[in-house]
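A.B. asks: Just so you know, our numbering puts 284 at position 283 of the sequence shown, and the rest follows in order with no gaps. Take a look at the following structure, please.
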Amino acid sequence: MMEEEVVRRRGWLTHAQFLDLLGAANLIPGPNSTELAIHIGHQRAGWKGLVVSGVCFILPAALIVSAFAWTYARFGRLPQVEGVLYGVKPVIIAVVFQALWGLLRSALKTRTLVGVALLTALLSLLGVSEVAALFGAGVLVGGLKGWREEGTRRQLPWLLLPLGLAVGIVSFPFYSPSMGVAASGHVPFGLTPLFLFFLKVGSVLYGSGYVLLAFLRTDLVSRFGWLTSGQLLDAVAVGQVTPGPVFTTATFIGYLLGGGWGAVVATLGIFLPSFLFIAVSGPLIPRLRKSPVAGAFLDGVNAAALALMGVVTWQLGRAAMVDAWTTGLAVSSGFLLIRYKPNSVWLILAGAVVGFVLRYHP
Numbered sequence: 002m003m004e005e006e007v008v009r010r011r012g013w014l015t016h017a018q019f020l021d022l023l024g025a026a027n028l029i030p031g032p033n034s035t036e037l038a039i040h041i042g043h044q045r046a047g048w049k050g051l052v053v054s055g056v057c058f059i060l061p062a063a064l065i066v067s068a069f070a071w072t073y074a075r076f077g078r079l080p081q082v083e084g085v086l087y088g089v090k091p092v093i094i095a096v097v098f099q100a101l102w103g104l105l106r107s108a109l110k111t112r113t114l115v116g117v118a119l120l121t122a123l124l125s126l127l128g129v130s131e132v133a134a135l136f137g138a139g140v141l142v143g144g145l146k147g148w149r150e151e152g153t154r155r156q157l158p159w160l161l162l163p164l165g166l167a168v169g170i171v172s173f174p175f176y177s178p179s180m181g182v183a184a185s186g187h188v189p190f191g192l193t194p195l196f197l198f199f200l201k202v203g204s205v206l207y208g209s210g211y212v213l214l215a216f217l218r219t220d221l222v223s224r225f226g227w228l229t230s231g232q233l234l235d236a237v238a239v240g241q242v243t244p245g246p247v248f249t250t251a252t253f254i255g256y257l258l259g260g261g262w263g264a265v266v267a268t269l270g271i272f273l274p275s276f277l278f279i280a281v282s283g284p285l286i287p288r289l290r291k292s293p294v295a296g297a298f299l300d301g302v303n304a305a306a307l308a309l310m311g312v313v314t315w316q317l318g319r320a321a322m323v324d325a326w327t328t329g330l331a332v333s334s335g336f337l338l339i340r341y342k343p344n345s346v347w348l349i350l351a352g353a354v355v356g357f358v359l360r361y362h363p
């Protein structure tokens with residue numbers, strides 16, 4: 002859609018320039034669609050364009066999701082709404098599975114990457130931090146690339162930069178005074194911990210927005226105790242059924258936890274790193290794209306991201322497929338998505354209708 006609008010209709014960029022920006026967006030953490038919009042704005046109008054394009058891309062989706070969150074908070078436990086969500090949740094599992102299936106061939110290109118993905122899945126099931134798994138996989142594959150090719154060995158020290166960034170991002174929020182009890186179980190909710198959590202996620206999340214699910218489930222459900230698995234699936238459902246970035250799932254979660262200010266804080270936290278990364282990474286992008294080690298690092302990150310998507314899909318699927326009806330919805334939706342590739346919104350709406358009919362008893 003962006004290429005159609007900015008290249009063919011408006012002529013703001015050439016096809017080559019657009020592809021350069023698309024490649025740059027894939028090299029940094031965060032939501033690729035949002036970052037591409039920010040890159041285009043920066044290319045067209047400098048710093049002002051960076052801010053305007055990013056805000057205009059995010060704001061409509063955030064407002065729509067906030068409206069859904071208000072409705073959910075007020076009516077989410079009514080039988081009619083519970084029926085809708087009963088049918089939507091298994092369809093969401095199928096949508097995530099279809100995204101995973103579509104990425105397998107492009108991401109797992111070698112036996113090494115397949116092995117890294119399997120190892121990441123195992124470590125995730127054992128409770129290893131998703132951030133450590135993502136960056137560890139990148140460093141491992143990048144290191145192997147540099148070691149095998151003598152001409153790239155001098156680039157190996159650069160792998161310490163993302164590894165150090167990962168350690169800092171993981172450590173700071175959880176060892177700060179506001180979140181010092183994170184390891185002990187339930188964490189008291191507050192706007193500052195909420196902001197720091199989503200700031201961390203926005204700073205380290207590579208690959209598909211669906212990897213966001215792994216972070217949310219591990220911290221907000223299991224570690225902090227702020228959400229239930231059902232609420233998380235509801236948030237993902239809203240993120241899917243509404244236009245805009247999947248990352249606006251954070252807006253929904255922020256509203257559930259802290260009302261209007263919670264929605265603002267969560268949205269700001271998860272999207273702010275994208276603005277900062279694009280502002281500082283522009284001059285470095287051409288050199289990074291030419292680096293074999295940097296390319297291998299990103300290959301490793303993508304393989305690990307696929308593994309995390311697989312693990313979280315299995316875990317959330319157990320919460321969504323609770324009987325024969327929901328299992329049938331998930332299986333049939335997955336088949337239709339893979340075989341015929343319809344717009345997932347139509348399947349989600351169909352799941353809502355089926356769930357309403359099955360659960361609503363006037």
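By construction, the Cβ of each residue, glycine as well, lies at the ideal position given by its N, Cα and C atoms. Only a predicted model underlies this, so the values are computations on that prediction, with no experimental measurement involved.
Would you call the region 86 to 94 in contact with the region 345 to 359, where contact means no fewer than 3 C-beta pairs closer than 8 Å?
C.D. replies: Yes, since at least three Cβ pairs between the region 86 to 94 and the region 345 to 359 fall closer than 8 Å, the two stretches touch.
A.B. asks: Count the other CB atoms within 10 Å of the CB of serine 107; is the residue buried (16 or more) or exposed (fewer)?
C.D. replies: That one is exposed.
A.B. asks: Cβ of valine 85 within 9 Å of Cβ of leucine 195?
C.D. replies: Not closer than 9 Å, so no.
A.B. asks: Along the chain, where does the alpha helix (DSSP H) that runs through asparagine 33 open and close?
C.D. replies: Segment 33 to 76, the alpha helix (DSSP H) holding asparagine 33.
A.B. asks: Sorted by chain position, which residues of the same chain lie with C-beta nearer than 7 Å to glycine 263's C-beta, five sequence neighbours on each side aside?
C.D. replies: Excluding residues within five positions, the ones whose Cβ falls inside 7 Å are Leu192, Leu195, Gly255, Tyr256.
A.B. asks: Quick check on the DSSP output: the alpha helix (DSSP H) that includes phenylalanine 336 runs from which residue to which?
C.D. replies: Counting along the chain, the alpha helix (DSSP H) containing phenylalanine 336 begins and ends at 325 to 341.
A.B. asks: Cα-Cα, which of Phe272, Ala320, Leu228, Leu234 is closest to phenylalanine 199?
C.D. replies: Phenylalanine 199 has its Cα closest to that of Phe272, out of Phe272, Ala320, Leu228, Leu234.
A.B. asks: Verify whether the separation of the beta carbon atoms of isoleucine 59 and glycine 245 is less than 9 Å.
C.D. replies: Contact flag set, yes.
A.B. asks: Compute the Euclidean distance between the alpha carbons of phenylalanine 298 and leucine 114, then round it to the nearest angstrom.
C.D. replies: Near 11 Å, if we compare the C-alpha coordinates of leucine 114 and phenylalanine 298.
A.B. asks: Where do the N-terminal and C-terminal ends of the alpha helix (DSSP H) with arginine 319 fall, by residue?
C.D. replies: Where arginine 319 is concerned, the enclosing alpha helix (DSSP H) stretches over 293 to 321.
A.B. asks: Pick from Pro61, Pro274, Ile65, Glu83: whose alpha carbon is nearest that of glutamine 232?
C.D. replies: Of the candidates Pro61, Pro274, Ile65, Glu83, the one whose C-alpha sits nearest the C-alpha of glutamine 232 is Glu83.
A.B. asks: Per the contact definition of three or more C-beta pairs closer than 8 Å, is the region 36 to 56 in contact with the region 4 to 23?
C.D. replies: Contact between the region 4 to 23 and the region 36 to 56 is present, because at least three Cβ pairs lie under 8 Å.
A.B. asks: Here's the rule I'm using: 16 or more other beta-carbon atoms within 10 Å means buried, otherwise exposed. How should glycine 259 be labelled?
C.D. replies: With 16 or more Cβ atoms within 10 Å of its Cβ, glycine 259 is classed as buried.
A.B. asks: Using a Cβ-Cβ cutoff of less than 8 Å, which residues in the same chain neighbour valine 53 once the five nearest sequence positions on both sides are dropped?
C.D. replies: So the qualifying residues of the chain are Gly42, Ala46.
A.B. asks: Could you check which residue in His16, Gln44, Met2, Trp315 has the C-alpha nearest to that of alanine 280?
C.D. replies: Nearest of His16, Gln44, Met2, Trp315 to alanine 280, Cα basis: Gln44.
A.B. asks: With DSSP as the reference, label threonine 229 as helix, strand or coil.
C.D. replies: Correct three-state label for threonine 229: coil.
A.B. asks: Are the region 118 to 137 and the region 300 to 317 in contact at 8 Å, needing three or more beta carbon pairs?
C.D. replies: With the cut-off at 8 Å, the region 118 to 137 and the region 300 to 317 touch.
A.B. asks: Nearest CA to the CA of serine 204: which residue from Asp324, Leu101, Ser34, Phe278?
C.D. replies: For serine 204, the nearest C-alpha among the options comes from Phe278.
A.B. asks: Can you check which of these residues, Ala238, Val313, Val355, Leu51, is closest to glutamate 131 by C-alpha distance?
C.D. replies: That would be Val313, whose Cα lies nearest to the Cα of glutamate 131.
A.B. asks: One question on the structure: do leucine 317 and valine 56 come within less than 9 Å of each other, judged by their Cβ atoms?
C.D. replies: Contact flag unset, no.
A.B. asks: With distance defined between alpha-carbon atoms, name the residue in Phe276, Thr327, Gly352 nearest to leucine 51.
C.D. replies: Of the candidates Phe276, Thr327, Gly352, the one whose C-alpha sits nearest the C-alpha of leucine 51 is Phe276.
A.B. asks: Three-state secondary structure (DSSP) at tryptophan 13?
C.D. replies: DSSP places tryptophan 13 in coil when its eight states are reduced to three.
A.B. asks: Helix, strand or coil for phenylalanine 173? Go by DSSP, reduced to three states.
C.D. replies: Note that phenylalanine 173 scores a pLDDT of 45, beneath 50, so its modelled location is shaky; the value from the coordinates is reported in the next line. Phenylalanine 173: helix per DSSP, three-state reduction.
A.B. asks: Using CA coordinates, which residue listed in Ala238, Val323, Leu197 is at the minimum distance from leucine 221?
C.D. replies: Cα-wise, what sits closest to leucine 221 is Leu197.
A.B. asks: Can you tell me whether DSSP reads glycine 245 as helix, strand or coil?
C.D. replies: Three-state result, glycine 245: coil.
A.B. asks: Using the three-state DSSP reduction, which class does methionine 180 fall into: helix, strand or coil?
C.D. replies: Annotation note: pLDDT 40 at methionine 180 (below 50); position unreliable, no value reported.
A.B. asks: Use the C-beta contact count for phenylalanine 253: other C-beta atoms within 10 angstroms, 16 or more gives buried, fewer gives exposed.
C.D. replies: Burial call: buried.
A.B. asks: Considering only C-alpha positions, which residue in the set Lys110, Gly31, Val8 is nearest to valine 247?
C.D. replies: Ranking the options by Cα distance to valine 247, first place goes to Gly31.
A.B. asks: Apart from the five residues on each side of it in sequence, which residues of its chain come closer than 8 Å, Cβ to Cβ, to glutamine 99?
C.D. replies: Closer than 8 Å at Cβ, skipping near neighbours: Gly335, Leu338, Ile339, Ser345.
A.B. asks: Valine 239 and alanine 70: beta carbons closer than 9 Å?
C.D. replies: Contact flag set, yes.
A.B. asks: Among residues of its own chain, excluding the 5 on either side of leucine 124, which ones have a beta-carbon nearer than 6 Å to its beta-carbon?
C.D. replies: For leucine 124, where only same-chain residues beyond five positions count, the Cβ hits under 6 Å are Ala134.
A.B. asks: Could you check what DSSP says for leucine 127 in three-state terms: helix, strand or coil?
C.D. replies: Coil at leucine 127, not helix or strand.
A.B. asks: Which of the three DSSP states is assigned to leucine 119 in this structure?
C.D. replies: It is helical.
A.B. asks: Work out the CA separation of leucine 14 and valine 302 for me, nearest whole Å.
C.D. replies: Their backbone Cα atoms lie some 30 Å apart in a straight line.
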